[in-house]
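Line order of the protein sequences matches chains A and B. The numbers in UniProt numbering rise by one with no breaks, and the one at position 264 of the first sequence is 264. The numbers in UniProt numbering rise by one with no breaks, and the one at position 108 of the second sequence is 108.
2 protein chains.
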Amino acid sequence: MIKSPSLSFDTTAALLAQALSSGNLSRVARALQPLDVAETLEQLERLSTIDRAVAYRTLPKDRALEVFERFDAPVQADLLTGLQDAQVAEVFSALSPEDRVPLLDELPATVASRLVQGLGEEDRALTTAVLGYPRRAVGRYMSPRVVTARPEMMASEALDRVRQQLDEAESVYVLAVTDSSRHLLGVVPLRDLLRAGGTEQVADLMTPPSFVPATLNAEEAARYCADAKVLVLPVVDAEGRLVGVLTVDDALRILESAENEDSARSGGSEPLRRPYLATPIRSIVRARVVWLLVLALGATLTVQVMDIFETTLAEQVVLSLFIPLLIGTGGNTGNQAATTITRALALGDVRPRDVVKVVTREVRVGALLGLLLGGLGFVITSVIFTVPLGTVIGLTLLGVCTMAAAAGGLMPILGKTLKVDPAVFSNPFISTFVDAAGLIIYFLIASAVLGI
Amino acid sequence: MIKSPSLSFDTTAALLAQALSSGNLSRVARALQPLDVAETLEQLERLSTIDRAVAYRTLPKDRALEVFERFDAPVQADLLTGLQDAQVAEVFSALSPEDRVPLLDELPATVASRLVQGLGEEDRALTTAVLGYPRRAVGRYMSPRVVTARPEMMASEALDRVRQQLDEAESVYVLAVTDSSRHLLGVVPLRDLLRAGGTEQVADLMTPPSFVPATLNAEEAARYCADAKVLVLPVVDAEGRLVGVLTVDDALRILESAENEDSARSGGSEPLRRPYLATPIRSIVRARVVWLLVLALGATLTVQVMDIFETTLAEQVVLSLFIPLLIGTGGNTGNQAATTITRALALGDVRPRDVVKVVTREVRVGALLGLLLGGLGFVITSVIFTVPLGTVIGLTLLGVCTMAAAAGGLMPILGKTLKVDPAVFSNPFISTFVDAAGLIIYFLIASAVLGI
Chain A
1 MIKSPSLSFD
11 TTAALLAQAL
21 SSGNLSRVAR
31 ALQPLDVAET
41 LEQLERLSTI
51 DRAVAYRTLP
61 KDRALEVFER
71 FDAPVQADLL
81 TGLQDAQVAE
91 VFSALSPEDR
101 VPLLDELPAT
111 VASRLVQGLG
121 EEDRALTTAV
131 LGYPRRAVGR
141 YMSPRVVTAR
151 PEMMASEALD
161 RVRQQLDEAE
171 SVYVLAVTDS
181 SRHLLGVVPL
191 RDLLRAGGTE
201 QVADLMTPPS
211 FVPATLNAEE
221 AARYCADAKV
231 LVLPVVDAEG
241 RLVGVLTVDD
251 ALRILESAEN
261 EDSARSGGSE
271 PLRRPYLATP
281 IRSIVRARVV
291 WLLVLALGAT
301 LTVQVMDIFE
311 TTLAEQVVLS
321 LFIPLLIGTG
331 GNTGNQAATT
341 ITRALALGDV
351 RPRDVVKVVT
361 REVRVGALLG
371 LLLGGLGFVI
381 TSVIFTVPLG
391 TVIGLTLLGV
401 CTMAAAAGGL
411 MPILGKTLKV
421 DPAVFSNPFI
431 STFVDAAGLI
441 IYFLIASAVL
451 GI
Chain B
1 MIKSPSLSFD
11 TTAALLAQAL
21 SSGNLSRVAR
31 ALQPLDVAET
41 LEQLERLSTI
51 DRAVAYRTLP
61 KDRALEVFER
71 FDAPVQADLL
81 TGLQDAQVAE
91 VFSALSPEDR
101 VPLLDELPAT
111 VASRLVQGLG
121 EEDRALTTAV
131 LGYPRRAVGR
141 YMSPRVVTAR
151 PEMMASEALD
161 RVRQQLDEAE
171 SVYVLAVTDS
181 SRHLLGVVPL
191 RDLLRAGGTE
201 QVADLMTPPS
211 FVPATLNAEE
221 AARYCADAKV
231 LVLPVVDAEG
241 RLVGVLTVDD
251 ALRILESAEN
261 EDSARSGGSE
271 PLRRPYLATP
281 IRSIVRARVV
291 WLLVLALGAT
301 LTVQVMDIFE
311 TTLAEQVVLS
321 LFIPLLIGTG
331 GNTGNQAATT
341 ITRALALGDV
351 RPRDVVKVVT
361 REVRVGALLG
371 LLLGGLGFVI
381 TSVIFTVPLG
391 TVIGLTLLGV
401 CTMAAAAGGL
411 MPILGKTLKV
421 DPAVFSNPFI
431 STFVDAAGLI
441 IYFLIASAVL
451 GI
């Protein structure tokens, strides 16, 4: 009865790979049969697009649907291209409205509109409502099917409402209380309804709602849901009318994909849209090449800086020995600051208004780090080489660390203010900038101290 | 009635700052009064430790408790030092057992044991049970208070069980079904209990449970909870007996703190334990300095490499112009690969067994990127400088990109295999390694092509 979720993972993966390469479909089905939904998902996500389509079609119908709705939209779209039209329509109509929308975004427009037309009337209306919100708005991710109650209802009536909608509603564990024009008045957890005597009024049980406007950025809404520790976050329109709810599991998904994006950008690439092993090489190259080219072009700045100081370098070749160390340290200091501030912005711990506070703090942190490293660099270089060279290295480390920390703190805030993803002003970007600026600091200090 | 959660954030922050600096406590209370729990949390997290303690004490008692349990443990510990013993004991006993444990880890051992002794008998037993699990295990984060049912119960009996435990249980929306020795047999969502006729048996309603062992790493358990899309994940001991549940909101918190850690390490620093603006400068320096020193020591390797090739450099000073660009590009390519693989490991998309697959893929990606960049570098350098120099730059870019992508893919897996956090083999670490290796590639190619 007892099995750990990851215990037999590698064995299953090996079995599945063998079965797929043998082309024996019933062996594939047998390899997948003992797995639960999450395990099936994990195994299928590792496969190539074609193998995944093959394996997917061996799943029993109910399991196939459960697995399908948990895939990310690009993977769902890949799977649909391998199915027949009738199967596609069936899978599509089994999805909930908020799961249909990201999938539609992935499909060719003609396919998308045919699928929407094929839905039942109510389903089509719900899907179209969600489709109406801008791409990154929480309205796109909310579930439009909500259990509502009126304030004048008795607890027992509200409970009956819950019972009637057990099959349709995305979540039945929190009820939204609205007036007759759907204005949101409060929320009542099912827990409190169960606790109440049947004749207590909803108005006496409800609490003031946490809620978000439907046009709010989905990531912000999801963090709000997480911070408020609620299972269900009501979503309202500009007039305060209830239009849907964000459930905590959808919030989790939104946050996970936001982290994917931030993580990729902080490494200087675009996020992959599919699991790593399932992503073709050319898609990985595409996700990285633009950034790499932009950064390499930016780095030609360093060639120009070096060119300006070529005579200094020719006179004192020893100076060139320290270039990788100095710009590397600058890059590291800048990265540390940028990563911290990007994360603090994402969490809402820091806001663009705090720019002066942040830069002041980072200058102090950078100067302290620079004093430590610079002191150490001065001593070591003075012993191994000469005291004047030690002075140059020490002062440069102090200058570079201070400059890099300040730049690393400033850039993400600048990005956020310019409505660019702060992570786009990412670590490699900052390294490139800090490299050029650090070289200038280095050569100016060297010219001054060594009198070149 | 309608307000957006972040609309008046800056205004409130300004009001609060003024009130705090005026020392007028009723003004502080008034500034906080209109906020809900999540907003109060956001505002307090931005304050210094002392200001936060002052503001916290102006909160009404119920609100204070709600806010307290949402803070991270280090902030909770800071707050407790500002309260009187009686208040501390009161706050502590109001926490749920799984929230008490991380707080205890933050407190001096004498304070911690006094607090545990002060709990009621049942509470003490529950807290001690959670305390018994290793630090990063999910057992530490689970809630030991679970609503259970027996398979032979009727649905109505199970519902009565829920009603009895509305006040104690962390979640009442999923029941765990166990036998008489608490072996986990299945789960029943409350939704299905409500749907069932009162006389249906729990055995016919329950589904096979997704569950995790209590010793499983908390981050893995939280991701499993997110992937399985369950509100409540049962946690079992080695014999398969139910010991608690992980709720989705606790999973969210675990993932958020794991992301904090990964994000900080990918930037080459330790995670801050408090919100950025609330972290003293010296703590920020401490989180960064060790990494920076280690990396700077590593970078002395580059000085040695440069030293070896000093005569080559003295002969052809023009070679030094390209050093920052070449090692920068290598660092960027390595970062891209390392970030992708670190994230894929965290998500479970890649496992240590996949090492050969990953490195093969990264070599191909790196070589393709190197061909593109190298081709471009060859053309531009040949035009501006000379064809032989263009050849050196082009070949070096090809070699550096391939090597860097392979190293960036390999390192995180190496880290995971050595049971080190893969993010510790982080971007700055890889940059430092790639810098030294890239320089060797550069000078070897230059010597061969230019015949130095």
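Here a beta-carbon is modelled for each residue, glycine too, at the ideal position from N, C-alpha and C. None of the values given here were measured: they were computed from a predicted structure.
So for B/Gly-244, helix, strand or coil by DSSP? Within the second sequence, residue 244 of chain B is the residue found at index 244, counting from 1. DSSP places B/Gly-244 in the strand class (E or B) of the three-state scheme.
Any C-beta of chain B within less than 7 Å: which residues of the stretch 368-384 of chain A qualify? Taking a C-beta cut-off of 7 Å against chain B, the contacting residues of the stretch 368-384 of chain A are Leu-368, Leu-369, Leu-372, Leu-373, listed in chain order.
Closer than 7 Å at the beta carbon, the chain A residues around B/Phe-433: Working through the second sequence from its first residue, we reach residue 433 of chain B at position 433. Chain-ordered listing is empty here: chain A has no CB closer than 7 Å to the CB of B/Phe-433, the nearest sitting near 11 Å.
Delimiting residues of the alpha helix (DSSP H) encompassing A/Arg-128: Translated into the one-based positions of the first sequence, residue 128 of chain A becomes position 128. First, the residue type needs correcting, since residue 128 of chain A is Thr and not Arg in the sequence shown. It spans 121-131 - the alpha helix (DSSP H) in which A/Thr-128 sits, taken as one unbroken run.
Going by C-alpha to C-alpha distance, which of A/Asn-260, A/Ser-269, A/Val-289 sits closest to A/Pro-275? On the first sequence, residue 275 of chain A is found 275 positions in, with the first residue counted as 1. Ranking A/Asn-260, A/Ser-269, A/Val-289 by Cα distance to A/Pro-275 puts A/Asn-260 first.
Contact set between the stretch 245-272 of chain B and chain A, restricted to residues whose Cβ is under 8 Å from the partner: Those residues of the stretch 245-272 of chain B that come within reach of chain A (Cβ to Cβ, closer than 8 Å) are Val-248, Asp-249, Ala-251, Leu-252, Arg-253, Leu-255, Glu-256, Glu-259, Asn-260, Asp-262, Ser-263, Ala-264, Ser-266, Gly-267, Gly-268, Ser-269, Leu-272.
From A/Val-116 to A/Ala-228, what distance separates their C-alpha atoms? As a working mapping, residue 116 of chain A is identified with position 116 in the first sequence. As a working mapping, residue 228 of chain A is identified with position 228 in the first sequence. Between the alpha carbons of A/Val-116 and A/Ala-228 lies a gap of roughly 35 Å.
Output, in chain order, the set of chain A residues within a Cβ distance shorter than 8 Å of B/Pro-388. Numbered from 1 along the second sequence, position 388 holds the residue referred to as residue 388 of chain B. Under a criterion of Cβ atoms nearer than 8 Å, no residue of chain A is adjacent to B/Pro-388; the nearest Cβ is some 17 Å distant.
Can you give the Cα-Cα distance for B/Gln-304 and B/Ala-89, rounded to whole angstroms? Taking the first residue of the second sequence as position 1, residue 304 of chain B is located at position 304. Taking the first residue of the second sequence as position 1, residue 89 of chain B is located at position 89. Their backbone Cα atoms lie some 59 Å apart in a straight line.
What distance in whole Å lies between the Cβ atoms of A/Asn-427 and B/Gly-267, which are believed to be in contact at a cut-off of 8 Å? Along the second sequence, read from residue 1 onward, the residue named residue 267 of chain B stands at position 267. Along the first sequence, read from residue 1 onward, the residue named residue 427 of chain A stands at position 427. Contact between B/Gly-267 and A/Asn-427 is confirmed by a C-beta separation of about 7 Å, below the 8 Å threshold.
Helix, strand or coil for A/Asn-332 per DSSP? Residue 332 of chain A sits at position 332 when you count from the first residue of the first sequence. In the three-state scheme derived from DSSP, where H, G and I count as helix and E and B as strand, A/Asn-332 is classed as helix.
Rounded to whole angstroms, what is the Cα-Cα separation between B/Pro-151 and B/Leu-184? The residue given as residue 151 of chain B occupies position 151 in the second sequence. The residue given as residue 184 of chain B occupies position 184 in the second sequence. Taking the straight line joining both Cα atoms gives about 10 Å.
Per DSSP, cross-strand counterpart(s) of B/Ala-251: The residue you call residue 251 of chain B lines up with position 251 of the second sequence. In DSSP, B/Ala-251 forms no bridge with anything.
Could you tell me whether the stretch 390-409 of chain B touches the stretch 304-317 of chain A, using the rule of 3 or more Cβ pairs below 8 Å? With the cut-off at 8 Å, the stretch 390-409 of chain B and the stretch 304-317 of chain A do not touch.
So is A/Pro-324 in contact with chain B if we call contact Cβ pairs under 8 Å? Numbered from its first residue, the first sequence carries residue 324 of chain A at position 324. So, interface residue.
Does chain A have any CB closer than 8 Å to the CB of B/Leu-95? Here residue 95 of chain B refers to the residue found at position 95 of the second sequence. Chain A, which has no Cβ nearer than 8 Å to the Cβ of B/Leu-95, makes this no.
Helix, strand or coil: which one does DSSP assign to A/Thr-58? Against the first sequence, residue 58 of chain A aligns to sequence position 58. A/Thr-58 sits in coil when the DSSP states are folded into three classes, being neither helix nor strand.
Alpha carbon to alpha carbon, how far is B/Ser-210 from B/Gly-438? Residue numbering aside, residue 210 of chain B sits at position 210 when the second sequence is read from its first letter. Residue numbering aside, residue 438 of chain B sits at position 438 when the second sequence is read from its first letter. B/Ser-210 and B/Gly-438: Cα-Cα distance of roughly 48 Å.
Helix, strand or coil, according to DSSP, for B/Val-138 in the structure here? Working through the second sequence from its first residue, we reach residue 138 of chain B at position 138. Looking at B/Val-138 - three-state DSSP - the assignment turns out to be helix.
What ranges does the beta strand (DSSP E) occupy inside the UniProt domain "CBS" (142-204) of chain A, keeping only unbroken runs of at least 3 residues that lie completely in it? DSSP runs (the beta strand (DSSP E)) wholly in the UniProt domain "CBS" (142-204) of chain A: 174-178, 184-189.
Apply the 10 Å Cβ neighbour rule to B/Asp-222 and answer buried if 16 or more other Cβ atoms are within range, or exposed otherwise. Walking along the second sequence from the start, residue 222 of chain B turns up at place 222. Here residue 222 of chain B is Ala; the residue named in the question, Asp, does not match the sequence. By the 10 Å Cβ count, B/Ala-222 comes out buried.
Would a C-beta distance cut-off of 8 Å place B/Arg-140 and B/Tyr-133 closer than the cut-off? Indexing the second sequence from 1 puts residue 140 of chain B at position 140. Indexing the second sequence from 1 puts residue 133 of chain B at position 133. Yes, they are a contact pair.
Around the Cβ of B/Ile-441, are there at least 16 other Cβ atoms within 10 angstroms (buried) or fewer (exposed)? Taking the second sequence and counting its residues from 1, one reaches residue 441 of chain B at position 441. In summary, B/Ile-441 is buried, with 16 or more beta-carbon neighbours lying within 10 Å of its beta-carbon over all protein chains present.
Give every residue of the same chain whose Cβ lies closer than 7 Å to the Cβ of B/Gly-240, excluding the five residues on either side of it in the sequence, and list them in chain order. The residue you call residue 240 of chain B lines up with position 240 of the second sequence. Around B/Gly-240: His-183, Leu-184.
Applying the criterion that 16 or more other CB atoms from any shown protein chain within 10 Å of the CB defines a buried residue, is A/Asn-332 buried or exposed? The residue labelled residue 332 of chain A in the question sits at position 332 within the first sequence. Looking at its Cβ environment, which holds 16 or more other Cβ atoms inside 10 Å, A/Asn-332 is buried.
Going along chain A in order, which residues have a C-beta closer than 8 Å to the C-beta of B/Glu-170? Working through the second sequence from its first residue, we reach residue 170 of chain B at position 170. Those within 8 Å of B/Glu-170 in chain A number zero; the least Cβ separation is about 11 Å.
Could you check the C-alpha separation between B/Arg-361 and A/Val-285 for me, to the nearest Å? Numbered from 1 along the second sequence, position 361 holds the residue referred to as residue 361 of chain B. Numbered from 1 along the first sequence, position 285 holds the residue referred to as residue 285 of chain A. Going from the Cα of B/Arg-361 to the Cα of A/Val-285 covers about 11 Å.
Any C-beta of chain A sitting closer than 8 Å to the C-beta of B/Leu-44? Here residue 44 of chain B refers to the residue found at position 44 when the second sequence is read from its first residue. It does not: the Cβ of B/Leu-44 has no partner Cβ on chain A nearer than 8 Å.
Is the distance from the Cβ of A/Leu-35 to the Cβ of B/Asp-354 below 8 Å? Locating residue 35 of chain A in the first sequence gives position 35, counting from the first residue. Locating residue 354 of chain B in the second sequence gives position 354, counting from the first residue. Not a contact, by the Cβ cut-off of 8 Å.
Using only the alpha-carbon positions, how far apart do B/Asp-99 and A/Pro-422 sit? In the second sequence, counting from the first residue as 1, residue 99 of chain B sits at position 99. In the first sequence, counting from the first residue as 1, residue 422 of chain A sits at position 422. In this structure, the alpha-carbon of B/Asp-99 lies about 33 Å from that of A/Pro-422.
Under 7 Å Cβ-Cβ, which residues of chain B neighbour A/Tyr-133? By one-based count along the first sequence, residue 133 of chain A stands at place 133. Near A/Tyr-133 there are no residues of chain B at all, since even the closest Cβ is about 16 Å away, more than 7 Å.
Considering just the uninterrupted stretch of the beta strand (DSSP E) at A/Val-355, what are its terminal residues? Position 355 of the first sequence, counted from the first residue, corresponds to residue 355 of chain A. Counting along the chain, no beta strand (DSSP E) covers A/Val-355; the unbroken alpha helix (DSSP H) around it starts and ends at 355-384.
Which residue from B/Leu-47, B/Gly-374, B/Leu-41 puts its Cα closest to that of B/Leu-65? Here residue 65 of chain B refers to the residue found at position 65 when the second sequence is read from its first residue. Nearest of B/Leu-47, B/Gly-374, B/Leu-41 to B/Leu-65, Cα basis: B/Leu-41.
Relative to the C-alpha of A/Asp-160, which residue among B/Thr-432, B/Arg-191, B/Thr-58 is closest? Residue mapping note: residue 160 of chain A aligns to position 160 of the first sequence, counting from 1. The residue among B/Thr-432, B/Arg-191, B/Thr-58 with its C-alpha nearest the C-alpha of A/Asp-160 is B/Arg-191.
If A/Met-154 sits next to A/Thr-199, beta carbons under 8 Å apart, how far is it from one beta carbon to the other, in whole angstroms? Numbered from its first residue, the first sequence carries residue 154 of chain A at position 154. Numbered from its first residue, the first sequence carries residue 199 of chain A at position 199. Yes, they are in contact, since the Cβ atoms of A/Met-154 and A/Thr-199 sit about 5 Å apart, within 8 Å.
If distances are taken between C-alpha atoms only, which option among A/Asp-78, A/Val-245, A/Val-358 comes closest to A/Ala-214? On the first sequence, position 214 is the one that residue 214 of chain A refers to. Considering only alpha carbons, the answer is A/Val-245.
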